[in-house]
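Residue numbers (our numbering): 3 to 267.
Yeah, the Cβ is synthetic: ideal placement off N, Cα and C, and Gly gets one too.
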Amino acid sequence: MTHPLVTQQDIDDYQRDGVVIIRGLFKDHVATLAAGIERNMAAPGPYAAENLKAGEGGRFFDDYCNWQRIPEFQEVIRTSPAAEVAADLMQSRSVQLFHDHILVKEPGTSKPTPWHQDGPYYFVEGRQTVSFWSPLDPVQSASLRCVAGSHLWPRPVLPTRWLSEENFYPDADAYMPVPDPDAEGMDIREWHMEPGDAVAFHYSTLHGARGNDTAQRRRAFSLRLVGDDARYVERPGRTSPPFPGHDMRAGQKLREDWFPVLYTR
């Protein structure tokens with residue numbers, strides 16, 4: 003039995019396209035997540051970043067790996083249906099937490115989130131991965147955009163640093179250049195979204211987001227989860243998130259004391 007929010011079509015679409023929308027995934031948790039984001043922005047963590055250069059209008063704030071110190075995030079991670087829905091989409095028996103991530107674009111932030119895959123930044127690989135991106139504000143034009151089928155591309159896309167636009171790792175030859183999906187006519191999936199809706203996408207799905215030219219904030223909560231086949235991999239440099247001192251070796255499952263199991267079928 004799948005969770006009531008998930009259909010077999012959703013599962014088939016996720017496996018084929020690497021992206022699907024789950025309406026209302028966090029709809030009962032929007033106020034809690036909003037309170038958590040306010041707490042997080044008032045007391046940023048060590049990985050918090052401002053993603054605009056001098057002279058670029060607005061504010062684009064992001065931060066991650068705060069669930070252990072932000073009680074609202076912990077509550078939602080533990081009590082929302084996200085982990086069970088992830089098990090359905092990934093076709094995995096178990097679901098582990100990888101990390102949380104918030105992204106806030108204030109009104110008048112015209113800078114888009116650059117096209118990228120999350121996977122190359124991470125120290126985990128597997129077929130069974132999923133990120134949920136959920137806005138806490140109605141989204142018409144500042145939405146997440148995902149390229150359908152890109153999770154099956156034979157080579158990963160070059161990871162870059164959002165602010166400096168430099169290569170994230172020293173060896174760029176192992177990656178394909180960052181494409182321009184609009185210019186190349188790729189199949190871009192994008193939705194009008196209500197607070198608590200969630201885009202589910204694979205760690206290897208190419209995605210970006212438009213700037214926020216509206217008069218309202220665009221607050222988004224992301225939750226990154228992994229399934230049965232996810233394993234630790236070595237990268238050619240410091241990963242994002244780095245998780246210093248994790249002591250894992252290539253091929254190991256993520257340690258459960260740091261990356262707790264949220265759901266088991």
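Return the bridge partner residues of Ser133 from the DSSP annotation.
Per DSSP, Phe203, Arg226.
To which residues does DSSP link Gln218 through a beta bridge?
Paired residues: none, contrary to the question.
With a cut-off of 8 Å on the beta carbons, I'd call His204 and Val149 a contact; round off their distance for me.
For a cut-off of 8 Å, the C-beta gap from His204 to Val149 is around 11 Å, too long to register as a contact.
Report the option in Tyr16, Asp182, His209 whose CA atom is closest to the CA atom of Gly121.
The shortest C-alpha separation from Gly121 is found at His209.
Can you list, in chain order, the stretches of the beta strand (DSSP E) that have 3 or more residues and sit fully within the segment 53-119?
Unbroken beta strand (DSSP E) runs of no fewer than 3 residues, entirely contained in the segment 53-119, are found at 62-66, 96-107, 115-118, following chain order.
Using the C-alpha atoms, what's the distance from Phe62 back to Ala211?
Cα to Cα, Ala211 sits roughly 12 Å from Phe62.
Select from Ser143, Arg220, Ala85 the residue whose C-alpha is nearest the C-alpha of Val8.
The candidate whose alpha carbon is nearest that of Val8 is Ala85.
What are the boundary residues of the beta strand (DSSP E) that includes Ala211?
That run of the beta strand (DSSP E) goes 209-211.
Met43 (DSSP reduced to helix, strand or coil)
Shown here, Met43 sits in a helix according to DSSP, grouped into three states.
According to DSSP, simplified to helix, strand and coil, what is Val235?
Of the three classes helix, strand and coil, the one that applies to Val235 here is coil, per DSSP.
By Cβ distance, which residues of its chain are closer than 7 Å to Glu77, with the 5 residues on each side in sequence left out?
Excluding positions up to five away in sequence, the list reads Thr34.
How is the beta strand (DSSP E) around Arg147 delimited, first residue to last?
That run of the beta strand (DSSP E) goes 146-149.
On a Cα-Cα basis, can you pick out the residue from Asp15, Thr266, Val21, Val97 that is closest to Ala200?
Val21 is the residue among Asp15, Thr266, Val21, Val97 whose C-alpha sits nearest the C-alpha of Ala200.
Under a three-way DSSP split, which group does Thr34 fall into?
In the structure shown, Thr34 sits in a helix (DSSP, three-state: H, G or I).
Roughly how many whole angstroms lie between the Cα atoms of Ala222 and Leu138?
For Ala222 and Leu138, the gap between their C-alpha atoms comes out near 6 Å.
CA-CA distance, Gln93 and Asp12?
Our two residues, Gln93 and Asp12, have alpha carbons roughly 12 Å apart in a direct line.
Under the rule that 16 or more other beta-carbon atoms within 10 Å means buried, what is Asp19, buried or exposed?
Buried, because 16 or more other Cβ atoms sit within 10 Å of the Cβ of Asp19.
Shortest alpha-carbon distance to Lys107 belongs to which of Leu264, Phe100, Arg219?
That would be Arg219, whose Cα lies nearest to the Cα of Lys107.
Going by DSSP, which residues form a beta bridge with Ile13?
None; Ile13 has no bridge partner.
Helix, strand or coil: how does DSSP classify Ala176 here?
Ala176: helix per DSSP, three-state reduction.
Range of the contiguous beta strand (DSSP E) that encloses Thr266:
Going by DSSP, Thr266 is part of the beta strand (DSSP E) stretching over 263-266.
Cα-Cα, which of Ile79, Glu58, Arg157 is closest to Cys67?
Just measuring C-alpha positions, the residue of Ile79, Glu58, Arg157 sitting nearest Cys67 is Ile79.
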